[in-house]
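See structure below.
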Amino acid sequence: MRALCWHGKENVQVDTVPVPSILNPRDAIIRVTSTAIGGSDLHLYDGVVKTIEEGDILGHEFMGEIVETGPEVKKLTVGDRVVVPFTISCGQCLSCQQELYSLCDNSNPNAWIPERFYGDTTAGLFGHSHMHGGYAGGQAEYVRVPFADVGPLKVSTEIPDEKLLFLSDIFPTGYAAVERCKLRHGDVVAVWGCGPVGQMAIRSAGILGASKIIAIDRYASRLTLAKQGGADTIDYEECDDLEEELKFRTGGRGPDVCIDAVGMEAHGTTAMAKVDRAKHVLKLETDQPYVLRQVIQCCRKGGRVSIPGAYVGVVDKFPIGAAFAKGLTLTMGQTNMQKYMQPLFDLVEAGRIDPSEIITHRVSLEDAPAAYRLFRDNRDEAVKFVLKPGAPRVLADEY
Ligand SMILES: [Zn+2]
């Protein structure tokens, strides 16, 4: 089969590799009909995340059709159409029973690596590093899906792939980032980063009853999409003092809920951001917390800060004093996907939201190396790529 494989920093290629087979009785094999490129893929592409190996298949957002099931798969049968969450969960451990699916005790065969770094293991992830299990990803024609009765959501419907595909990650991730802040009547929500997760957070904030949504980014295309999603926008490169601007727009208080949808690869222009970049290069600091500091500084006292943007290691000069003094609530983590997929599917089916409106590029799986370069550089107004295995190529090699 054809699959997008990692060959080193900024080097991915579509290779011909063996088709996966059933390894465990609870596995299913899925023929991928649509897959996407997300921000976490760029962390692998840029070489920020370690424990990835030559030949690993990337991709954690995908959906398709069941073509084979193991003997213990009860809920799914060959021919079922499913969306697959990016986290792998056993459904039986204490974490899964408490609906903390992203913290599953049993789905990461390399549990010793996060145990050493973080003190405990979390769920295995598709198409990520070996630290998260080393599972082959979904930017491929076929994928092996473990614990198939627990993860995939069956979608027997006429709704097209591109409206449902983002139930695999970014829609639940953006939604959960807002939902766990428990919005109150009249709350203002500010979202840093108008990439795919930020876009979903903006739209979810509208559904969950925010009185005003303020979106912060520097790319015109992303700000335009944010506006379409119901947000007021700020281009931070055009703004002298973001903290003042946010106070001005919120009656002098600051936003009630602040969402860092950027994460560890934040871009900043201040002296502190340059120190972060230098320390990152020297490996004195793994993540660049420029946005996180700003979020905590700008959040109103008593407010809630939510972090769906990924961080992996350690940061410097975390403003714990400001967070403490203002009594902020911080909430973060990978999304507990299974808790959200069905209710969010219902919202799509009811026409309350159309996640496909953030798609900017529809390409072939064979275009994936060019698509990664485009997405990384945000050239050609790139926000979200959807890849179709078997579709004709549309991107030129010079990308
Ligand atoms: Zn579990």
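In terms of my numbering, the sequence shown has 438 at position 119, counting the first letter as 1, and numbering is strictly consecutive.
C-beta: ideal position from N, C-alpha, C; glycine also.
Going by the C-beta, is residue i closer than 8 Å to any heavy atom of ligand 1?
{"i": "Q411", "result": "yes"}
{"i": "D334", "result": "no"}
{"i": "C423", "result": "yes"}
{"i": "A442", "result": "yes"}
{"i": "Y454", "result": "no"}
{"i": "Y420", "result": "yes"}
{"i": "S414", "result": "yes"}
{"i": "S426", "result": "yes"}
{"i": "S313", "result": "A query on residue 313 cannot be resolved here, the shown segment of the chain reaching from 320 to 718 and no further."}
In the DSSP assignment, find the alpha helix (DSSP H) that holds residue i and state where it starts and stops.
{"i": "R435", "result": "431-437"}
{"i": "D334", "result": "Where D334 is concerned, there is no enclosing alpha helix (DSSP H), although the beta strand (DSSP E) it sits in stretches over 331-335."}
{"i": "L611", "result": "609-617"}
Should residue i go down as buried or exposed, given a rule of 16 or more other Cβ atoms within 10 Å for buried?
{"i": "L342", "result": "exposed"}
{"i": "V581", "result": "buried"}
{"i": "K369", "result": "exposed"}
{"i": "T388", "result": "buried"}
{"i": "D699", "result": "exposed"}
{"i": "A608", "result": "Note that residue 608 corresponds to Pro in the displayed sequence, not to Ala. Buried: at least 16 other Cβ atoms inside 10 Å."}
{"i": "V669", "result": "The sequence shown places Ala at residue 669, rather than the Val named in the question. With fewer than 16 Cβ atoms within 10 Å of its Cβ, A669 is classed as exposed."}
{"i": "H326", "result": "exposed"}
{"i": "N425", "result": "buried"}
{"i": "V633", "result": "exposed"}
{"i": "H362", "result": "buried"}
Within the 9 Å Cβ cut-off, does residue i reach chain C?
{"i": "G525", "result": "Looking for chain C here will not work: only one protein chain is present."}
Tell me which residue opens and which closes the beta strand (DSSP E) that residue i is part of.
{"i": "K482", "result": "No beta strand (DSSP E) holds K482; the alpha helix (DSSP H) holding it covers 480-483."}
{"i": "V713", "result": "No beta strand (DSSP E) contains V713, which DSSP labels as neither H nor E."}
{"i": "A509", "result": "507-511"}
{"i": "C423", "result": "Segment: none, C423 is in no beta strand (DSSP E) and carries neither H nor E."}
{"i": "A322", "result": "321-325"}
{"i": "I626", "result": "623-626"}
{"i": "L342", "result": "Here L342 belongs to no beta strand (DSSP E), and DSSP marks it neither H nor E."}
Ligand 2 heavy atoms versus the CB of residue i: any closer than 8 Å?
{"i": "D635", "result": "Of the ligands one can find in the structure shown, namely ligand 1, none is ligand 2."}
- prompt: So does the segment 378-396 actually touch the segment 464-474, counting three or more Cβ pairs closer than 8 Å?
  reply: yes
Secondary structure, beta strand (DSSP E): runs of 3+ residues fully inside the segment 345-417: 347-356, 381-388, 400-403
- prompt: Counting only runs that start and end within the segment 515-586, where is the alpha helix (DSSP H) found for 4 or more residues in a row?
  reply: 515-526, 539-547, 561-567
- prompt: Is there contact between the segment 650-659 and the segment 485-497, where contact requires at least three CB pairs shorter than 8 Å?
  reply: yes
field: Three or more C-beta pairs below 8 Å linking the segment 446-459 and the segment 369-380
entry: Output reads yes: the segment 369-380 touches the segment 446-459.
task: Tell me the start and end of each unbroken beta strand (DSSP E) in the segment 637-700 that is at least 3 residues and wholly inside, in chain order.
output: 648-651, 680-683
- prompt: Residue ranges of each alpha helix (DSSP H) run of no fewer than 4 residues wholly in the segment 437-500, ordered along the chain?
  reply: Listed in chain order, they are 480-483, 489-498.
- prompt: Can at least three beta-carbon pairs, one atom from the segment 632-641 and one from the segment 655-664, be found at a separation below 8 Å?
  reply: Result no; under three Cβ-Cβ pairs closer than 8 Å.
message: When you compare the segment 469-483 with the segment 498-513, are there three or more beta-carbon pairs, one atom per stretch, that lie closer than 8 Å?
response: no
query: If we count Cβ pairs, one from each stretch, closer than 8 Å, do we get three or more for the segment 349-363 versus the segment 702-716?
result: yes
message: When you compare the segment 438-446 with the segment 398-415, are there three or more beta-carbon pairs, one atom per stretch, that lie closer than 8 Å?
response: By the criterion of at least three beta-carbon pairs nearer than 8 Å, the segment 438-446 is in contact with the segment 398-415.
query: For the segment 558-571 against the segment 537-545, are there 3 or more C-beta pairs whose distance is under 8 Å?
result: no
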